[in-house]
């Protein structure tokens, strides 16, 4: 029997990961300044990470007997992560925005573990660990 609460949480994360993937491309292309090269490379790494999260989460939903969101209309109606329509960013802008969004994902993956099956919990815990490291690194970039 499918756990509808877990599937619903996974679909929320799926939608947010899709928006985050697009948002990271915006930062990748449009960051300016002396830290361009480093952030260009790092955002490319991050959008690869979120593409993998998107696929993994959709597949987990299917494994649990659910249906993942499949249209952009569904994604945008469900996502809580907000798009960034600007096209000119300083390194500071990007790092601050990433830190806030990663904190959001950290909370979502942490709450996913509540009441989830062992496999979903293990996946969520792995993402919590990854995000904690990235948040620390971003905070360090800001000198916090």
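In the numbering used here, the protein residues as written are 22 to 165. Note that the Cβ used here is the ideal one computed from N, Cα and C, for glycine as well.
With a threshold of 16 other CB atoms inside 10 Å of the CB of residue 37, please say whether the residue is buried or exposed.
Burial call: buried.
Could you give the distance in angstroms between the alpha-carbon of residue 24 and the alpha-carbon of residue 71?
Each residue's Cα considered, the two are about 24 Å apart.
Can you give the beta carbon distance from residue 123 to residue 155, rounded, assuming they're within the 8 Å contact cut?
Residue 123 to residue 155, Cβ: 6 Å. Contact.
Checking contacts by CB at 7 Å: is residue 163 closer than that to chain D?
Looking for chain D here will not work: only one protein chain is present.
Does the separation of the CB atoms of residue 87 and residue 28 fall below 7 Å?
Yes, these two residues count as a Cβ contact at 7 Å.
Do residue 64 and residue 45 have their C-beta atoms closer together than 7 Å?
Yes, Cβ-Cβ distance for residue 64 and residue 45 is below 7 Å.
Using the C-alpha atoms, what's the distance from residue 60 back to residue 119?
Whole-angstrom Cα-Cα distance: 11 Å.
Is the Cβ-Cβ distance between residue 39 and residue 96 less than 7 Å?
Yes.
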